[in-house]
Amino acid sequence: MTAHFSARRHRLRRRLGTRILLACIGVGVTLGMLSAGAAPASAVSEFREQIPIQAGSHVAIGRFRCTVGAVLISTTWYGSMGPSARATRYIVTAGHCGHVGDPVRVNLQGIIGSVIWESPILDAEIARIDPIAENNFGCDPSSALHRCTIATAYTRRATGRIFLFDNGGRYASLPVTGMGVPGVNEVFCTSGAYSGVNCSWGIHPLPPGSPPYILGARTFRNQVEDGDSGGPVASRSGTLYGIISDGTYPKDPDPDFMTYVPLSRILQAQPGYTLAPPT
Numbered sequence: 015m016t017a018h019f020s021a022r023r024h025r026l027r028r029r030l031g032t033r034i035l036l037a038c039i040g041v042g043v044t045l046g047m048l049s050a051g052a053a054p055a056s057a058v059s060e061f062r063e064q065i066p067i068q069a070g071s072h073v074a075i076g077r078f079r080c081t082v083g084a085v086l087i088s089t090t091w092y093g094s095m096g097p098s099a100r101a102t103r104y105i106v107t108a109g110h111c112g113h114v115g116d117p118v119r120v121n122l123q124g125i126i127g128s129v130i131w132e133s134p135i136l137d138a139e140i141a142r143i144d145p146i147a148e149n150n151f152g153c154d155p156s157s158a159l160h161r162c163t164i165a166t167a168y169t170r171r172a173t174g175r176i177f178l179f180d181n182g183g184r185y186a187s188l189p190v191t192g193m194g195v196p197g198v199n200e201v202f203c204t205s206g207a208y209s210g211v212n213c214s215w216g217i218h219p220l221p222p223g224s225p226p227y228i229l230g231a232r233t234f235r236n237q238v239e240d241g242d243s244g245g246p247v248a249s250r251s252g253t254l255y256g257i258i259s260d261g262t263y264p265k266d267p268d269p270d271f272m273t274y275v276p277l278s279r280i281l282q283a284q285p286g287y288t289l290a291p292p293t
């Protein structure tokens with residue numbers, strides 16, 4: 015990697031400050047700034063902090079806050095072993111957002127999963143999102159012994175959808191329509207927890223010495239922000255292209271540039287997954 019590229023790289027996670035949500039770990043603190051002296055954080059829209067999680071949702075992973083880039087299901091034999099496994103989902107985000115074993119939280123939901131795979135080379139990671147388990151009790155009144163049973167129902171906490179704009183330009187939760195690559199002259203979107211939806215990106219050449227696993231893009235509007243790492247890069251209609259990796263600082267020579275990791279390369283490295291259905 016050349017010094018030219020290293021100087022312009024800007025990791026877009028946000029650090030959890032010295033105050034952490036009481037509901038998350040039982041200590042009375044709140045989410046803090048990325049670093050001392052940083053500009054005030056952009057507000058995260060409430061809908062990005064709700065269950066079910068989808069591409070564009072805001073999550074806390076270990077000590078950092080990032081954005082979900084895609085929701086997956088397992089295609090392995092384990093993924094079909096019973097209702098709990100079938101309701102389990104997996105999220106993709108940037109590799110610099112956490113490490114294997116780090117807990118995943120969403121707002122006031124507490125711990126809902128953990129990181130199970132990371133690739134520093136690809137700057138990507140996958141976290142397991144556990145389903146909600148609800149026990150239902152039932153008794154047979156016709157039985158002389160009033161035999162009772164317990165049935166457990168599992169509800170998924172993530173779904174194959176993405177936060178984008180609808181045809182009227184309003185925020186909407188749209189079904190993910192597949193995976194692909196942007197066209198040469200296509201204008202495509204990012205959906206960051208902090209910068210929101212920005213459909214003004216186009217393909218842009220990478221600087222010399224860039225890693226081979228990333229692609230470049232440039233916007234004529236708002237740049238991605240701290241906390242957008244891992245967020246989806248997608249078409250206007252919901253086709254996923256990749257996840258946000260790095261941005262640039264406002265005073266950099268090219269402040270409207272970002273890099274992203276193609277989703278296809280992540281799934282090549284971890285072939286036991288596919289995109290989750292939207293329901």
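Using my numbering, you'd call the opening residue of the sequence shown number 15 and step up by one each time. The C-beta atom is built at its ideal place from N, Cα and C for all residues, glycine as well.
Residue i versus the options, residue with shortest Cα-Cα distance
| i | options | result |
| --- | --- | --- |
| T90 | I228, Y287 and P291 | Y287 |
| T5 | Q237, H72, F177 and S59 | Past the boundaries of the shown model lies residue 5; the chain is included only from 15 to 293, so the question cannot be answered. |
| C162 | N150, L277 and G70 | N150 |
| S294 | I65, G192 and Q123 | Here the chain covers residues 15 to 293 and nothing more, so residue 294 does not appear. |
| N212 | D270, S156 and R79 | D270 |
| V73 | W131, A141 and E132 | A141 |
| R79 | R232, F202, D240 and R184 | D240 |
| D180 | C203, G76, G230 and A138 | C203 |
| T233 | P225, D116 and E200 | E200 |
| A283 | F61, G182 and E139 | E139 |
| P134 | L277, H110 and S156 | H110 |
| L188 | G182, G197, P196 and L178 | L178 |
| D260 | A57, P196, A108 and S88 | A108 |
| P196 | S156, L277 and F61 | L277 |
| V198 | G182, E132, S88 and G230 | G230 |
| P285 | F61, E60, S59 and S88 | S88 |
6 Å CB neighbourhood of residue i in its chain, flanking five on each side removed
| i | result |
| --- | --- |
| L86 | Y104, Y287 and A290 |
| D242 | L26, T81, G206, Y208, S209 and I258 |
| P66 | R171, A172 and T173 |
| D154 | R161 |
| V247 | T204, Y255, G256 and Y274 |
| R294 | Any answer about residue 294 is impossible in this case: the structure gives the chain only from 15 up to 293. |
| E148 | A167 |
| A186 | D180 |
| D116 | I75, G76 and V129 |
| V58 | H72 and A207 |
Supposed close pair residue i, residue j - CB separation, criterion 8 Å
| i | j | result |
| --- | --- | --- |
| I217 | V275 | Going by Cβ atoms, the distance from I217 to V275 rounds to 15 Å, so no, they are not a contact pair. |
| I257 | G83 | 3 Å |
| G70 | G245 | 6 Å |
| V106 | V129 | Not really, about 11 Å apart at Cβ, beyond 8 Å. |
| Q68 | I176 | 6 Å |
Own chain, CB closer than 7 Å to residue i, minus 5 neighbours either side, in chain order
| i | result |
| --- | --- |
| P97 | Y168 |
| N121 | E63 |
| S251 | T191 |
| R279 | L136 and Y227 |
| L281 | Y287 |
| I126 | V118, R119, V120, I143, D144 and R171 |
| G194 | T253 and Y255 |
| G152 | C162, T163 and A165 |
| E132 | G109, H113, V114 and E139 |
Backbone secondary structure at residue i - three-state DSSP
| i | result |
| --- | --- |
| R279 | helix |
| F19 | Confidence at F19 is low in this model, with a pLDDT of 43, below 50, so the placement of that residue is unreliable and no value is reported for it. |
Residue i Cβ short of 7 Å to the ligand PLP heavy atom set
| i | result |
| --- | --- |
| W215 | As presented, the structure is devoid of all ligands, the ligand PLP included, so that no description of it is given. |
8 Å CB neighbourhood of residue i in its chain, flanking five on each side removed
| i | result |
| --- | --- |
| R100 | G93, S94 and Y168 |
| P292 | T173, G174, R175, P189 and V190 |
(message) For a minimum of 3 consecutive residues, which ranges assigned as the beta strand (DSSP E) are wholly contained in the segment 49-108?
(response) 67-69, 72-75, 78-81, 84-88 and 103-108
(request) Could you tell me which uninterrupted beta strand (DSSP E) segments, each at least 3 residues in length, are contained entirely in the segment 113-194, listed from first to last along the chain? (result) 117-119, 125-133, 138-143, 146-153, 162-169, 172-179 and 185-189
(message) At 3 residues or longer, what runs of the beta strand (DSSP E) sit wholly inside the segment 205-287?
(response) 210-217, 229-233, 246-248, 253-261 and 271-276
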